[in-house]
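Going down the list, the sequences are from chains A and B.
Numbering-wise, this note's numbering puts 588 at position 588 of the first sequence, and it's gapless, one number per residue.
Numbering-wise, this note's numbering puts 1058 at position 112 of the second sequence, and it's gapless, one number per residue.
For each residue, glycine too, the CB sits at the ideal point set by N, CA and C.
Take a look at the structure set out below.
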Amino acid sequence: MKSRILQFLVFVAIVSIQTSFAQDAVVRGKVVDGDFNDVLAFANIVVKGTTTGTTSDFEGNYELTLAPGSYTLSFSFVGYQTKEITDVNLSPGQEITVDVTLNSSGVLDEILITTTLSKNSESAVLSFQKNSVALLDGLSLESIKATGASNIASAVKSVPGVSVQGGKYVYVRGLGDRYTKSTLNGMDIPGLDPDRNTIQLDLFPTKILENILVVKSATADQPADFTGGVVDIVTKDIPGKAEYSLSLGLGYNSDFHFKSDYITQPNSGTDMFGFDDGLRSNPIAAAQQIPLPQQNGEVVSTLTRLFEKDLAAQRDQSLMDMNLSVTAGNQFTVGDDNKLGFFASVSYRNETKYYDEYVNGQIFRKDEADKSNFNLLLDRGQSGQLGNNNVLISGLLGTTFKTERSKYSLNLLHIQNGETENSIFRQVNGIISSNQVKKDNLTYVQRAVSNALLSGKHSFLEDGRLEVEWKLSPSYATIYDKDFRVTPFRVLTDPETGEESFVIEPSESGDAGRFWRDLEEYNLPGKIDVTLDHKLFGREAETKIGGAYTFKNRVFDVTRFSFPFLNFQSVNLGGNPDNLLLDPNIYDSSTNSGVFVRKDSSDSDKFDSDTSVMAGYFSESFKVQDWMRIILGVRFEKFDLVYTGERQDGSRFDDTKILDKSDFFPSANLIFDLDSETTAKIRTSYSRTTARPSFKEASLAEIFDPISSNTFIGNLELQPTYIDNIDVRFEKYGEGGDFFAISGFYKSFDDPIELSFIRRAYGQYTPLNLGDAEVFGGELELRKRLDFIPGMEDVRLITNISIIESQQNYSDDEREGRLDNLREGETLDDTRQLQGQSPYLINAGFSYDSEENGWQGGLFYNVQGKTLQIVGAGDVADVYTLPFHNVKFNLSKTFGESKNSTLSLSFDNILDDDVESVYQSFGAEDQLFSKWNPGQSISLGYSLNF
Amino acid sequence: MKKFQLLSLLLIVLLSACNNDDGGTIIPVDDDPDPVNNVLTGEITSDFTLTSDIIWELSGRVTVTSGATLTIEPGTIIKALPGTGANASTLIIARGAKINAVGTAAEPIIFTSIADNIGVGQTAGSNLTENDRGLWGGLLVLGKARASLSGDAVENQIEGIPASDSNGLYGGTNDADNSGMLSFISIRHGGALIGEGNEINGLTLGAVGSGTMISNIEVVANVDDGIEWFGGAVNCSNLLVWAQGDDGLDIDEAYSGTINNAAVVLGDISDHGLEIDGPAGSLEGQFTINNLTMFGNMNTEGGEYADYRDNAMGNTQNVYATGFKASSDVELDNNGVAQQFLDGKLTFSNWVINLPDGVGAANEIFVEKVACIANCDDGDPNNDVFEDKIIVNPSFTERAANWASAGTSGGADLSAFSWTYASSKGAL
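Now the structure itself:
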């Protein structure tokens, strides 16, 4: 195997040497309109002192082929500043990119700005951010590479105000999935979690990315249903020239890999490709009636025999992490001036984790009888070993056809993910039950997202003043929890010998069970935007109007079985789950004894729900002074929610319209330029946004969830939340990507929705509108080259700090539950923080990037403050996630004759910190809810561009 | 909009050919049960009578709602459909509703499974035994008496019923509340699962008031407890539990009534004879168990006499226990309940034990246990820190000599149970 890899590398090296040796050099790039954050079409690009030149196309792109030499390029457009870039040095065959932003001159005098090429290295993302109407933070692929993040969830953490919960779910400004929206190329995508609306961002590999944009203030052209932010994943665009790349990576963690006691389950032949080949399919047809053994023993034993017999977690050797990706892109000229381009990417990632000491799901309670007892009492202790393997495959194919005035794109994306997690836990129960339990847990989750984006962009009138853009972006997402298996044995210890025996006792530890849980969602979003550039008050202005329609359908279903027995001694299984379904143990009607299958799920555990949003908007962006831009807009949205489902008592809703809301959402943005070069700005923004009940929340659902063992109860009275948002930000853009910003925000919520526990019914939850809530905070961001220190020219300090405070009212049940369980001397605050909100977020680090020697490196620190993870219910205290101090170090070296090979090395969790959540209660010592050590990992990667 | 959706769907289909392949072929089930004439489903909102001339089928959660009375004639047979969780077949007498189910020794009212081949006019079928458990749910009576609830709440939702169904509430302030009459009733083969590791009891009494009459009740082959009281003040007499999966009689939330003349016959998988918990809120209440006989079982893994836990308070007197294992005990679970004993709120008198081989004296089965208070959950049993025992000089076991003696008679008047299914099967 090793020699094969070596052979392959040699082959690749040979290919890489055979690159083109064309003598002419190429300069290409994009001209951006700094006033409207749009491309500048038909701008003039001239090589100074010559007649050689070109104009940008309707997308702002240009390309010049020049003989080697040193040039000055001049970029100009009527009514705009002219920019000259000096010191453009071209060596034979070199291809460079020069992106330029032009701002309107405002006055009739032409303004000339001259800068050198090296100082014009402002990244496209930063320029987009600078020129954006809305308040947004961008993350370019370059900066993601610098942090060494392999998926979007870990990359997006470095954006100010963004935190990630559980490595998957993004919170912006302390606001979680209800208030934070994830979009793909600006369009809605399905969520992949029964309890959440947003998608897990760890599903998206960075390989498919152009950049990530986090929009924090609303404008009329954005959907109204976000408050914290929109995380927009922008997939790779078509390259201007032929680009092929290959990269390989390996990751090693001494705690996880090459462990002989790693825990797994029998694999299907296709697990390594992120899906199950049918091994874990439910063998029982949905309409199959399962009789009692006393009714029809023959049928029940036949049905029982249909199930796979593997119920025990297996020990096996763990392998190390690996990843592989291949990309290809090119652009061809078709006909006279038409261009056809494509980009394709396939990536594969396989990661393994193993925790030999994994504590999770412990329960501690307050002493209900004695309020002077501050100690938390152990109700359930749970710890054991856990193994996890995650396979992620993604494929992206983008094609673009461009004529002089139109562009059509079709992007196809498929993400396939298979994750198996297996564990052996010991449970010690003390209060609700009193026993010891051993559990083998086997899980497999198969996720898939498919998206097809069809879009077009057309420009009309002279200079492309009228632009029409449309997008149609259907997606289909599935999440199949396939054959989750739990086999609980009660552990009995002989008091004299200490010897353990294992029995299955339904009323103590539950029956052996397995379940399948399916969620399928399709989204059909479409939108059209029309932009017209015109003059207002003698200055450049822009009118935008548009419409959008989004239809979503979600279908959810749980099928749950358990395996009780009759006249059977479970102690003879010896505590081995694999023995339970052995043939001799399966129910035999002749002896009326053995293990049989029983269906535990019901029709009330499923639903089918639709939502639709129909929207239209108008906005006007204009200047009243050269230094002051005003953007006013209003958006109209009509939201409908239609539900089909059944209550436990059999009452049903069939395609019943539950919500029908029509609202106007106004927004106003003011941007003040503090200097004529527009490098310093103050932005202020007001907008009204909404947060709507999700599919099952405004419903009559009574759904038992086998993972949490909680029952979810819908609320037909539930209303959307409306939020008023105010933002202020000061920004200063320096040369070479230097950047400083300080911002403040305030959000006021009317009737915020929160999932609340029901005090009189333990383990049942329902969404409620809870009075009012407020969130406010500040963010500070600094990116500074340390070129003022000799020898540190290539080092950059990158830091951002966010401070967020939230105040949420309690539900009546929660307040009473808290009051009843106050300790002596403890008082109850009027409000508490929002679940999932961190009081502070810090990112700090240094990056090093040298064009000359090809070395690139970074040392980064990330921490998120103590976060309310689980809202306590009655005598169960609140659970907080403690800060995880992560220090990462990356180093890479680009080498090879044409600098097309890169070798990279990164170290994660250098401080070897634990991931820890604790119960906290007045006067009490913290008690563990969960704890594990992610270990320290080393990754090695190689990539080749050709 | 339709065209738009069609176009989009087409794109999706092109893109994704991944579907879920669950489910095999359907095997026909020939389960042809006895013909039944009447099916009970949903809510019974006005007075209704079940007659003994036909077999009644109980399908799913059937609730008699406030203001309605369900009358059941002597000799009536109710067969329940199988199902667990939301599908479990249960009969709930909600707060404010009444049940008037008075059988006779010759014609008891029988709740059993659809799988039972018992016919009209019979008192037992022939195809099921005491080991056929969990074939349906159970009978729940919910009242408005006081219960000691967590956080001193006045009412609570009974386990297994979603909070959106207010018929699942129990508790109030009227200890004299009247939920009707239950007499000569046999509840067999129930105990369906209603939550993780949580099954329904044969007879659940949630805050049932003292105006209710409960006597001559038999629960056979229930997965969970035979009879469980959640608070309330109702007095009960002549109760028999046989071959339950968990505990025989289970008391919680400061039940303050009297149980007179009861028998628990452990089966092959039974746990405790008695499981007694204390108040969950600040409301206190003492139960009385008077004249109790417990028959042990040598096959079961558990099979303890009794477990007093969680600040339990009450009086257990005139008890006879026989046939238990040498390792079986009567335990005070932790310091909390031991303190109730020291304070005189938990008392014992006149326990006669038919000594198992290896037990020297009757008081030896009474033990004080202590709870783990530190390092309990780190997987290492060697470093656990426990409470100190608080009943010392003399110890709980030593003091038990005051009420425990060896013998072969005492406890309940078993002749009261001659009408029962258990008696006909020779379990007594």
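Among the candidates A:Ile703, A:Leu780, A:Arg760, whose CA atom is the shortest distance from the CA of Phe986 (chain A)? Because chain A is modelled from 1 through 946, residue 986 (chain A) falls outside the range shown and cannot be assessed.
Unbroken stretches of the beta strand (DSSP E), 3 residues or longer, contained in the segment 1004-1055 of chain B: Along the segment 1004-1055 of chain B, the beta strand (DSSP E) occurs as fully enclosed runs of 3 or more residues at 1007-1010, 1015-1018, 1023-1026, 1036-1039, 1044-1048, listed in sequence order.
In three-state DSSP terms, what is Glu989 (chain B)? The DSSP-derived three-state label of Glu989 (chain B) is strand.
Listed by chain order, chain A residues near Glu1230 (chain B) by CB distance under 7 Å: Neighbours of Glu1230 (chain B) in chain A, taken as residues at a C-beta separation under 7 Å, are lacking, since the least C-beta distance is about 10 Å.
Tell me whether the segment 815-831 of chain A and the segment 366-379 of chain A touch, counting them as touching only if at least three CB pairs, one residue from each stretch, are closer than 8 Å. In short, these stretches touch, since the Cβ pair count reaches three.
With hydrogens ignored, establish whether the beta-carbon of Arg796 (chain A) is closer than 7 Å to any heavy atom of the ligand ZN. Questions concerning the ligand ZN fall outside what the structure shown contains, since it holds no ligand whatsoever.
Beta-carbon proximity of Leu201 (chain A) to Val159 (chain A), cut-off 8 Å: At least 8 Å separates the beta-carbon of Leu201 (chain A) from that of Val159 (chain A).
Answer with yes or no whether the minimum CB distance from Ile424 (chain A) to chain B is below 8 Å. Ile424 (chain A) does not count as touching chain B.
Of the listed residues A:Met187, A:Tyr71, A:Val887, A:Lys48, nearest to Val529 (chain A) (C-alpha basis): Going by the sequence as given, residue 529 (chain A) is Asp instead of Val. When only C-alpha atoms are compared, the closest one is A:Met187.
Interface residues of chain A around Asp1192 (chain B) at Cβ under 9 Å? Here the neighbours are Glu505, Pro506, Ser507, Glu508.
Check the Cβ-Cβ distances between Ile363 (chain A) and every residue of chain B, and say whether any is below 8 Å. By the rule that beta-carbons nearer than 8 Å mark a contact, Ile363 (chain A) does not touch chain B.
I'd like to know if Arg1007 (chain B) contacts chain A, where contact means its C-beta is closer than 8 Å to some C-beta of that chain. With its beta carbon less than 8 Å from one in chain A, Arg1007 (chain B) belongs to the interface.
Indicate the three-state DSSP secondary structure (helix, strand or coil) for Ile363 (chain A) in the structure shown. In this structure, Ile363 (chain A) counts as strand in the three-state DSSP scheme.
Assigned exposure category for Tyr643 (chain A) - 16 Cβ within 10 Å defines buried: Buried is the label assigned to Tyr643 (chain A), since at least 16 other Cβ atoms lie within 10 Å of its Cβ.
According to DSSP, is Ser1370 (chain B) helix, strand or coil? Correct three-state label for Ser1370 (chain B): helix.
Whether Ile1024 (chain B) touches Thr1011 (chain B) by CB criterion (8 Å): Their beta carbons are not under 8 Å apart, which means Ile1024 (chain B) does not touch Thr1011 (chain B) by this criterion.
Any chance the segment 1094-1102 of chain B sits against the segment 1331-1338 of chain B, with 3 or more Cβ pairs inside 8 Å? Result no; under three Cβ-Cβ pairs closer than 8 Å.
Gly874 (chain A) touches chain B at which residues, Cβ-Cβ below 7 Å? By Cβ distance, chain B contributes Ser1096, Gly1097.
Give the secondary structure of Thr1343 (chain B) by DSSP, where H, G and I count as helix, E and B as strand, and everything else as coil. It is helical.
Residues of chain B with a CB under 8 Å from the CB of Asn821 (chain A): which are they? Going along chain B in sequence order, the residues near Asn821 (chain A) (Cβ under 8 Å) are Gly1097.
Check this for me: beta carbons of Pro564 (chain A) and Pro488 (chain A), under 8 Å apart or not? Between Pro564 (chain A) and Pro488 (chain A), the CB-CB gap reaches or exceeds 8 Å.
Checking contacts by CB at 8 Å: is Glu1283 (chain B) closer than that to chain A? Per the sequence shown, residue 1283 (chain B) should be read as Val rather than Glu. By this cut-off, Val1283 (chain B) is not an interface position.
If I measure Cβ to Cβ from Glu357 (chain A) and keep anything under 6 Å in the same chain, skipping five residues before and after, which residues do I get? The answer is none, since no qualifying residue turns up.
With a Cβ-Cβ cutoff of 8 Å, do Asn441 (chain A) and Asn417 (chain A) count as a contact? No. Outside cutoff.
Of all Cβ atoms in chain B, is any one closer than 8 Å to the Cβ of Gln289 (chain A)? At least one chain B Cβ lies under 8 Å of Gln289 (chain A).
Inter-residue spacing [alpha-carbon to alpha-carbon] between Leu413 (chain A) and Glu620 (chain A): Distance between Leu413 (chain A) and Glu620 (chain A), taken at the CA atoms: about 34 Å.
Should Gln317 (chain A) go down as buried or exposed, given a rule of 16 or more other Cβ atoms within 10 Å for buried? Label assigned to Gln317 (chain A): exposed.
Does DSSP put Phe1287 (chain B) in a helix, in a strand, or in coil? DSSP, read as helix, strand or coil, puts Phe1287 (chain B) in helix.
Output, in chain order, the set of chain B residues within a Cβ distance shorter than 9 Å of Arg683 (chain A). Within chain B, no residue comes near Arg683 (chain A); the closest Cβ sits about 36 Å away, beyond 9 Å.
With a cut-off of 8 Å, does the C-beta of Ala285 (chain A) fall near any C-beta of chain B? Using a Cβ-Cβ cut-off of 8 Å, Ala285 (chain A) counts as an interface residue toward chain B, since at least one Cβ of chain B sits closer than that to its own.
If you draw a straight line from the C-alpha of Lys948 (chain B) to the C-alpha of Ser455 (chain A), how long is it? Annotation note: pLDDT 48 at Lys948 (chain B) (below 50); position unreliable, no value reported.
Check the Cβ of Glu1101 (chain B) against every Cβ in chain A and list those closer than 8 Å, keeping chain order. In chain order: Arg760.
Could you spell out where the beta strand (DSSP E) holding Leu386 (chain A) opens and where it closes? 376-402 is the span of the beta strand (DSSP E), which, as asked, contains Leu386 (chain A).
Pick from A:Thr304, A:Asn523, A:Asn330 that is closest to Glu243 (chain A), judged by C-alpha positions: For the set A:Thr304, A:Asn523, A:Asn330, the Cα lying nearest the Cα of Glu243 (chain A) is the one of A:Asn330.
Consider the Cβ of Val1169 (chain B): report whether some Cβ of chain A lies at a distance smaller than 8 Å. At a cut-off of 8 Å between beta-carbon atoms, Val1169 (chain B) makes contact with chain A.
When you compare only the Cα positions, how much space is there between Phe596 (chain A) and Asn282 (chain A)? Pairing Phe596 (chain A) with Asn282 (chain A), the inter-Cα distance amounts to about 16 Å.
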